[in-house]
Amino acid sequence: MKRFAVFLPFLLIVTILHAGKYPKREMRAVWIATVANIDWPSRAGLSTNMQKEEMIELLDLAKEYHFNTIVFQIRPATDAFYKSELEPWSQWLMGEQGKAPDPVYDPLEFTIKECRKRGLDIHVWMNPYRAVFDTARSSIFDSHPIKKHPEWFVKYGSKAYFNPGLPETRNHVSRVVADIIRRYEVDAIHFDDYFYPYRISGQDFPDQDAFDLYPRGFTTDKKEDWRRDNVDLIIKQLHDTIKRVAPQVEFGISPFGVWRNNDKDPRGSATKAGQTNYDDLYADVLKWQAEGWIDYVTPQIYWPIGKKVADYAVLVDWWNKNAFDCPMYIGHGLYRLNAQSNEKAWQKSKEIDKQIKLIRKSENVDGSMFFSAKYLRTNPLGFKERIQKKRYKYEALPPKNKRVEQIIPESPLNAQWDSNEKEVVLTWEAGENNVGYVIYKCKKNNEPKLDEVRSIVAITGGTELRFQVEKKNSPFKYKYFITAVSLTNNESNAVMFE
């Protein structure tokens with residue numbers, strides 16, 4: 001492993017806060033959207049160096065915000081932000097589908113490497129069914145599956161989709177996922193809210209031919225149940241594929257924030273959403289949680305506290321009560337913060353601060369994901385300063401997920417420290433199953449409290465840490481310890497720097 005030095009003022013490591021206020025483990029993720037160049041790259045056609053610089057900027061910003069996980073969109077429309085023999089390079093890389101970066105490199109491989117340097121987890125985000133983003137204008141390469149197997153696809157509105165009723169659809173998407181987790185060291189496979197597409201008024205989704213061909217015992221009056229079963233089948237098959245190929249990899253879903261309104265189902269939430277997972281996207285997320293087919297769920301609750309038709313507080317409470325022992329995080333609409341918003345709640349960053357405070361009181365919710373990464377650059381309404389003061393003042397490890405096969409790390413090797421008048425230098429070597437490290441400190445006559453965030457100096461993926469010395473905080477007052485973190489976020493025993 002290459003060394004990656006981290007520099008920070010010594011003053012920053014002296015903390016006096018209680019662990020209860022600042023949890024040591026909490027999901028703090030940000031989505032990096034590539035579809036239509038929402039977050040990265042900022043526009044198609046950038047050189048390789050410019051693409052890399054932009055990604056590094058986003059990862060550094062995530063670290064500055066004290067986030068710990070990146071959710072990187074690598075397959076927005078049956079295309080690839082990585083080297084693939086199954087699907088072509090995305091048009092949002094170079095402006096034309098099938099065209100490789102220039103000079104050629106693998107964006108996913110690069111991003112994984114840069115995440116590991118910073119001690120960031122990486123979840124790769126994919127869309128199951130979307131095939132062509134805009135059938136009138138999108139670039140479609142000759143190797144795209146829609147060119148090879150047009151019978152697998154249907155057009156709905158301005159887009160083309162895999163037909164969810166076909167077994168060929170499930171098999172192809174499963175092959176893509178298996179290929180990724182065989183070749184890349186990722187922490188999770190992540191699917192968003194786009195299953196069957198959001199309804200277009202006056203248009204039924206054109207899957208009748210597939211229904212006639214593969215009814216699987218469903219009658220015409222039960223076609224909506226058949227559609228839900230189609231989505232159930234692909235989720236179950238993807239789960240089984242991941243567990244067979246890489247059982248340590250998590251499978252997460254970030255569904256639309258409303259499962260079902262309670263005017264249609266007493267199990268539903270006290271909301272009046274115009275469309276829902278169950279009735280419109282045919283995604284029975286609760287079933288997937290209860291059956292153990294997914295390893296975490298992140299409902300996208302992009303509404304403020306108190307909104308009449310979809311109250312954030314009501315929905316968090318509902319999801320918390322319907323966790324089914326499935327790890328849960330909440331998706332926040334960072335993009336909604338705007339001083340000119342027509343909703344008063346979004347005119348101050350205090351809204352998301354209140355949302356984070358609320359979920360920390362929810363027994364079954366273990367953190368947050370934020371949409372989306374480009375807003376880390378603009379820091380809307382001083383969001384960064386507010387959450388660092390109130391909620392994210394210190395770094396935190398991601399939660400451990402009990403639904404995946406655990407990897408236990410060996411302790412780091414040869415932990416050494418040195419100092420001079422200007423800086424302290426800590427070095428170590430990687431042990432087995434080490435992908436990240438946590439550095440702790442305590443006073444000379446004490447033992448480190450590894451369960452308290454106030455003991456943490458830094459979380460990193462490198463094998464060297466440097467920090468400046470200030471006379472009033474002599475490093476000789478302290479002892480330093482290190483643990484290793486595995487791909488499944490298990491920590492090793494602590495080792496003292498000698």
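Residue numbers (the UniProt record's numbering): 1 to 498. The C-beta atom is built at its ideal place from N, Cα and C for all residues, glycine as well.
query: For ALA29 and chain C, any beta-carbon pair shorter than 7 Å?; result: No chain C is present in this structure, which holds just one protein chain.
query: Spell out a yes or no on whether the stretch 441-452 and the stretch 355-371 are touching, meaning 3 or more CB-CB pairs, one atom from each, closer than 8 Å.; result: no
query: Indicate the three-state DSSP secondary structure (helix, strand or coil) for TYR437 in the structure shown.; result: strand
query: Write down every uninterrupted run of the beta strand (DSSP E) in the stretch 176-236 whose length is 3 residues or greater and which is fully enclosed by it, in chain order.; result: 188-191
query: Consult DSSP for TYR129 and reduce its assignment to one of helix, strand or coil.; result: coil
query: So, under 8 Å CB-CB, LYS223 and PHE211 are touching, yes? Tell me the CB distance rounded to an integer number of Å.; result: 6 Å
query: Going straight from the alpha carbon of LEU376 to that of GLY331, what length do you get?; result: 15 Å
query: Mind checking PHE81: buried by the 16 CB within 10 Å criterion, or exposed?; result: buried
query: Rounding to the nearest angstrom, what Cα-Cα distance links VAL424 and PHE467 in this structure?; result: 6 Å
query: Cβ-heavy atom distance between LYS308 and the ligand NAP below 6 Å?; result: This structure lacks the ligand NAP, and indeed carries no ligand of any kind.
query: Could you tell me which residues DSSP puts in a beta bridge with ASN261?; result: SER269
query: Considering only C-alpha positions, which residue in the set GLU57, PHE205 and ASP232 is nearest to GLY292?; result: ASP232
query: For TYR184, count the other beta carbons within 10 Å of its own beta carbon; 16 or more makes it buried, fewer makes it exposed. Which is it?; result: buried
query: Report the partner residues of HIS332 according to the DSSP bridge assignment.; result: PHE370
query: If you pair each beta-carbon of the stretch 52-71 with each one of the stretch 128-145, do three or more pairs fall below 8 Å?; result: no
query: Counting C-beta neighbours from all protein chains within 10 Å, is the total for ASN127 16 or more, i.e. buried, or is it exposed?; result: buried
query: Does SER419 come out as helix, strand or coil in the three-state DSSP assignment?; result: strand
query: For TYR394, does the count of other Cβ atoms within 10 angstroms reach 16, so buried, or fall short, so exposed?; result: buried
query: Relative to the C-alpha of GLY98, which residue among PHE110, LYS147 and GLU64 is closest?; result: LYS147
query: Hey, would you say GLU429 sits closer than 7 Å to ASN414, going by beta carbons?; result: yes
query: Taking the alpha carbon of THR483 as the point to measure from, which residue in GLU64, GLU57 and GLY119 has its own alpha carbon closest?; result: GLY119
query: Could you pull out every residue in the same chain whose Cβ sits closer than 7 Å to the Cβ of TYR105, ignoring the five residues on either side in sequence?; result: THR48
query: Roughly how many angstroms separate the alpha carbons of THR488 and PHE476, rounded to a whole number?; result: 34 Å
query: For ASP207 and VAL154, which I take to be in contact (beta-carbon distance under 8 Å), what is that distance rounded to the nearest angstrom?; result: 7 Å
query: Whole beta strand (DSSP E) runs in the stretch 286-329 with 3 or more residues, listed along the chain?; result: none
query: Just checking my contact of VAL35 with TRP89 at CB under 8 Å: how many whole Å lie between their CB atoms?; result: That belief does not hold up - the Cβ atoms of VAL35 and TRP89 are roughly 14 Å apart, past 8 Å.
query: For GLY20, I'd like the list of residues in its chain whose CB is within less than 8 Å of its CB, leaving aside the five on either flank, ordered along the chain.; result: In this prediction, GLY20 has a pLDDT of 47, which is less than 50 and means its spatial position is unreliable; what the coordinates show is noted afterwards. Nothing meets the Cβ criterion.
query: Quick check on LYS443: does DSSP put it in helix, strand or coil?; result: strand
query: In chain order, what are the residue ranges of uninterrupted alpha helix (DSSP H) at least 4 long that sit wholly in the stretch 80-155?; result: 91-94, 107-117 and 145-148
query: Output the distance between the C-alpha atoms of GLU363 and ASN320, rounded to the nearest integer angstrom.; result: 7 Å
query: Whole angstroms is fine: what's the gap from PRO409's alpha carbon to SER486's?; result: 5 Å
query: Leaving out the 5 sequence neighbours to the left and right, which residues in its chain are closer than 6 Å to ILE294 when beta-carbon positions are compared?; result: PHE251, ILE253 and TRP288
query: Could you tell me which residues DSSP puts in a beta bridge with PHE383?; result: In the DSSP output, where bridge partners are listed per residue, PHE383 has none listed.
query: Alpha carbons only, please: which of SER411, TYR296, VAL309 and TYR302 is nearest the one belonging to PRO399?; result: TYR296
query: Return the bridge partner residues of GLN468 from the DSSP annotation.; result: GLU423
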